[in-house]
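Asker: Going by numbering that gives the first Met the number 0, the letters in the sequence shown line up with residues 0 to 398, in that order. Ideal placement from N, C-alpha and C gives every residue a C-beta, glycine not left out. Below you'll find the structure I mean.
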Amino acid sequence: MTSAILCLSSYFKGAAFLQACKEAGLHVILATNDRNKDEAWPHEYIDEFFHMPDLGKRPDITHAIAYLARSRQIDLIVALDDFDVETAAHLREHFRLPGMGDSLARNFRDKLAMRTTARNAGVLVPEFTGVFNYDDLREFMARVLPPWLLKPRSEASSMGIKKIEHADEIWPALESLGDQQSFFLMEQFVAGDVYHVDGLVDDGEVLFSMAHKYGKPPLSVYAGGGVFLTRSLDRESEEAKALVALNKQVLKAMGLVRGATHSEYIKSHADGQYYFLENAARVGGANIAECVDYASGVNLWREWARVEIAHLRGEKYQLPETHPGYAGIINCLAHQEWPDLSGYNDPEVVWRLNKKYHAGLIVSSPDAARVESLLNSFAERFANDFLAVLPPKQSFSEM
Ligand SMILES: Nc1ncnc2c1ncn2[C@@H]1O[C@H](COP(=O)(O)OP(=O)(O)O)[C@@H](O)[C@H]1O
Ligand SMILES: [Mg+2]
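This is the structure:
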């Protein structure tokens, strides 16, 4: 019998995942939000397409999927976007399906849960506390030097993060959050460079991963407006080796069994150590998937689908041939509707972003240093040629 996969996607993404499922002979059901219904979904790879006002709203989503299940055998539920991770976990629990359940999903969505799990496994994390007990908060502020971040436990794209410089600032901030305050955590601001490691996990083991370094930390890009930049690190560098090893330790601790991962780390300027920042059970946003693909030949969306399908069929997943290249992304909000990127014509430019009021491209080379120097020179040119600055919160892409 044909197996059916239900893909939840609150955002328009994941075409290569859907394609791989369809090509492997699965019955592909996609559910998204109403506002995404007219996006360019690859309908040729989707057998049934559903949309509803809010995919994450319970019990509506549970009722909707239960209705579908009356006449369909659903074998697998996958969350394509971060915001769907908890919903998918909840549905797996409800329909008694295999895969990540509610409490494991916390380690990939709830920043307080991931902090605690990482610390318990001996991984360095910024000092942190939940926002529950005010004596604990006072104790934290007396013990840990400012600045601190008051951060939503389950948001993305630096949304809602507030920097607190002094203990007096915390109380009005909590007052304005009201009943929402327990959905935040407080942590020490660790000044440093921000990195991400993206990869694939099967059977609890990291099968593939690549370490990258952001240009400026994402928080300063979002808060100050600016050019977003990230690039793969030389595999032989101490940085890359340390990050790949740390990422294995972190993912083991988090307990992910299979899927795509995007994890972030800060290398502290003060002590040179790596601190775990956050962790997601999905493909990294902001075209990181394309970047990894150009660098290594691994399409994270497609391979994640193949990992899931192999497991469903009781087969062993095989990673395809990879190549040891490098790539980097640069993008920014542009003041032109369709910015002219034709002057960026170095042979290493392999991809251009096609999106109104955005300028972006990917460069790829067998040489990591070449990627770095090209991106650095482009960053300056992007700032002169295109950069538009919007007030914070109107973030241009999710990370
Ligand atoms: N403890 C911290 N110290 C320094 N910078 C931080 C810290 N936490 C977050 N940031 C900055 O804020 C950005 C967003 O925080 P993160 O926890 O990754 O949330 P999001 O889900 O919004 O990406 C990070 O990329 C980093 O630049
Ligand atoms: Mg982040």
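1. Could you tell me which of Arg234, Arg257, Leu111 and Val291 sits nearest to Met185, measuring between CA atoms?
2. Please report the distance separating the alpha-carbon of Asp339 from that of Glu164.
3. State whether the region 50-61 contacts the region 337-354, with contact taken as three or more CB pairs (one from each stretch) at a distance under 8 Å.
4. Exposed or buried, which one is Gln18 when buried takes at least 16 other CB atoms within 10 Å?
5. Using CA atoms only, rank isn't needed, just tell me which of Ala120, Thr115 and Tyr133 is closest to Glu126.
6. Under 8 Å between the Cβ atoms of Ile76 and Gly98?
7. Go through its chain and collect everything with a Cβ distance to Ala259's Cβ below 7 Å, but skip five positions before and after it.
8. Can you give me the Cβ contacts of Glu397 inside the same chain, cut-off strictly under 8 Å, excluding the 5 residues immediately before and after it?
9. Drop a sphere of 10 angstroms on the beta-carbon of Val388, count the other beta-carbons inside from all chains shown, and report buried for 16 or more, exposed for fewer.
10. Can you give me the C-alpha to C-alpha distance between Tyr274 and Tyr194, rounded to a whole angstrom?
11. Hey, Cys331 and Val226: beta-carbon distance below 8 Å or not?
12. Let's test the definition: count the other Cβ atoms within 10 Å of the Cβ of Gly327 and tell me whether it reaches 16, buried, or not, exposed.
13. Compare the C-alpha of Ile265 against each of Met253, Lys251 and Asn246 and name the closest.
14. What do you reckon, is the C-beta of Pro217 under 7 Å from a heavy atom of ligand 3?
15. May I have the straight-line CA-CA distance separating Ile4 from Thr321, to the nearest angstrom?
16. Flag this pair as yes or no: are the beta carbons of Leu228 and Leu374 separated by less than 8 Å?
17. To the nearest angstrom, how far is it from the Cα of Phe183 to the Cα of Val130?
18. For Tyr66, is the classification buried or exposed, using 16 other Cβ atoms within 10 angstroms of its Cβ as the cut-off for buried?
19. Apply the 10 Å Cβ neighbour rule to Gly214 and answer buried if 16 or more other Cβ atoms are within range, or exposed otherwise.
20. In the region 26-51, which residue ranges form an unbroken beta strand (DSSP E) of at least 3 residues, counting only runs that do not cross its ends?
21. Whole angstroms are fine: how far does the CA of Lys150 sit from the CA of Tyr133?
22. For a test of the three-state rule: what should DSSP assign to Pro217, helix, strand or coil?
23. Val370 and Arg230 - do their beta-carbons sit closer together than 8 Å?
24. Let's see if you can read the secondary structure: which residues bound the beta strand (DSSP E) around Phe183?
25. If you draw a straight line from the C-alpha of Ala87 to the C-alpha of Arg105, how long is it?
26. When you compare only the Cα positions, how much space is there between Phe48 and Phe107?
27. Do Glu85 and ligand 1 come close, with the Cβ less than 7 Å from some heavy atom?
28. Based on DSSP bridge pairs, tell me the residues matched to Lys161.
29. Let's see if you can read the secondary structure: which residues bound the beta strand (DSSP E) around Glu289?
30. Can you tell me which of the three DSSP states Glu314 falls into?
31. Does DSSP put His62 in a helix, in a strand, or in coil?
32. Determine, using beta carbons only, whether Ala78 and Leu7 come nearer to each other than 8 Å.
33. Let's see if you can read the secondary structure: which residues bound the alpha helix (DSSP H) around Phe377?
34. For a minimum of 3 consecutive residues, which ranges assigned as the beta strand (DSSP E) are wholly contained in the region 72-106?
35. Measuring only the C-alpha atoms, how far is Ser267 from Leu90?
36. Considering only their Cβ atoms, is the gap separating Val220 from Ala210 smaller than 8 Å?
Answerer: Per the coordinate set shown:
1. Position 186 of the sequence shown, counting from 1, holds the residue named residue 185. Nearest C-alpha to Met185: Leu111.
2. Counting from one through the sequence shown, the residue named residue 339 turns up at place 340. Counting from one through the sequence shown, the residue named residue 164 turns up at place 165. Those two C-alpha atoms are separated by around 41 Å.
3. no
4. Mapped onto the sequence shown, residue 18 falls at position 19. Counting Cβ neighbours within 10 Å, Gln18 comes out buried, since at least 16 surround it.
5. For the purposes of this step, residue 126 is taken as the residue at position 127 of the sequence shown. Out of Ala120, Thr115 and Tyr133, Thr115 has the C-alpha closest to the C-alpha of Glu126.
6. Counted from its first residue, the sequence shown places residue 76 at position 77. Counted from its first residue, the sequence shown places residue 98 at position 99. The answer is yes: Cβ separation under 8 Å.
7. Numbered from 1 along the sequence shown, position 260 holds the residue referred to as residue 259. Contacts found: Leu199, Arg281, Val282, Leu299 and Trp303.
8. Residue 397 sits at position 398 when you count from the first residue of the sequence shown. With a pLDDT of 39 at Glu397, under the threshold of 50, the modelled position of that residue is not reliable, and the figure given next carries that caveat. Around Glu397: Tyr10, Asp81, Ala155, Ser156, Gly284 and Ala285.
9. The sequence position of residue 388 within the sequence shown is 389, counting from 1. Val388 should be labelled exposed.
10. Along the sequence shown, read from residue 1 onward, the residue named residue 274 stands at position 275. Along the sequence shown, read from residue 1 onward, the residue named residue 194 stands at position 195. If I take the Cα positions, the gap works out to 10 Å.
11. For this step, residue 331 is matched to residue 332 along the sequence shown. For this step, residue 226 is matched to residue 227 along the sequence shown. The answer is yes: Cβ separation under 8 Å.
12. As a first step, residue 327 is located in the sequence shown; it is residue number 328 there, counting from the start. When all chains shown are included, Gly327 counts as buried.
13. The residue you call residue 265 lines up with position 266 of the sequence shown. Per the Cα distances, Asn246.
14. Ligand 3 is not among the ligands present in this structure, which contains only ligand 1 and ligand 2.
15. As a first step, residue 4 is located in the sequence shown; it is residue number 5 there, counting from the start. As a first step, residue 321 is located in the sequence shown; it is residue number 322 there, counting from the start. The alpha-carbon atoms of Ile4 and Thr321 are separated by roughly 27 Å.
16. Against the sequence shown, residue 228 aligns to sequence position 229. Against the sequence shown, residue 374 aligns to sequence position 375. Result yes, Cβ atoms of Leu228 and Leu374 sit closer than 8 Å.
17. Here the question's residue 183 lines up with position 184 in the sequence shown. Here the question's residue 130 lines up with position 131 in the sequence shown. Taking the straight line joining both Cα atoms gives about 6 Å.
18. Stepping through the sequence shown from its first residue, residue 66 is reached at position 67. Per the 10 Å Cβ criterion, exposed.
19. Looking up residue 214 in the sequence shown gives position 215. Per the 10 Å Cβ criterion, buried.
20. 26-32 and 47-51
21. Residue numbering aside, residue 133 sits at position 134 when the sequence shown is read from its first letter. Residue numbering aside, residue 150 sits at position 151 when the sequence shown is read from its first letter. Looking at the two C-alpha atoms, the distance is approximately 16 Å.
22. Translated into the one-based positions of the sequence shown, residue 217 becomes position 218. Pro217 falls in the helix class under three-state DSSP.
23. Position 231 of the sequence shown, counting from 1, holds the residue named residue 230. Position 371 of the sequence shown, counting from 1, holds the residue named residue 370. Yes; because the gap between Cβ atoms is below 8 Å, this pair is in contact.
24. Here residue 183 corresponds to residue number 184 of the sequence shown, with the count starting at 1. Taken as a continuous stretch (DSSP letters only), the beta strand (DSSP E) holding Phe183 covers Phe183 to Gln187.
25. On the sequence shown, residue 87 is found 88 positions in, with the first residue counted as 1. On the sequence shown, residue 105 is found 106 positions in, with the first residue counted as 1. If you take the alpha carbons of Ala87 and Arg105, they lie about 12 Å apart.
26. In the sequence shown, the residue the question calls residue 48 occupies position 49. In the sequence shown, the residue the question calls residue 107 occupies position 108. Phe48 and Phe107: Cα-Cα distance of roughly 27 Å.
27. Locating residue 85 in the sequence shown gives position 86, counting from the first residue. Glu85: no, Cβ never under 7 Å from ligand 1.
28. On the sequence shown, residue 161 is found 162 positions in, with the first residue counted as 1. BP columns for Lys161 point to Leu149.
29. Locating residue 289 in the sequence shown gives position 290, counting from the first residue. Careful: Glu289 lies outside any beta strand (DSSP E), inside the alpha helix (DSSP H) at Ile287 to Ser295.
30. Position 315 of the sequence shown, counted from the first residue, corresponds to residue 314. Coil, per DSSP.
31. As a working note, residue 62 is residue 63 in the sequence shown. Residue state, collapsed to three classes: helix.
32. Start at 1 with the first residue of the sequence shown, and residue 78 comes out as number 79. Start at 1 with the first residue of the sequence shown, and residue 7 comes out as number 8. Yes, the Cβ-Cβ distance between Ala78 and Leu7 is below 8 Å.
33. Translated into positions along the sequence shown, residue 377 becomes position 378. Ala367 to Asp384 is the extent of the alpha helix (DSSP H) around Phe377.
34. 75-78
35. As a first step, residue 267 must be located in the sequence shown, where it is residue number 268. As a first step, residue 90 must be located in the sequence shown, where it is residue number 91. Computed Cα separation, rounded: 39 Å.
36. The residue you call residue 210 lines up with position 211 of the sequence shown. The residue you call residue 220 lines up with position 221 of the sequence shown. No, the pair does not count as a contact, with Cβ atoms beyond the cut-off.
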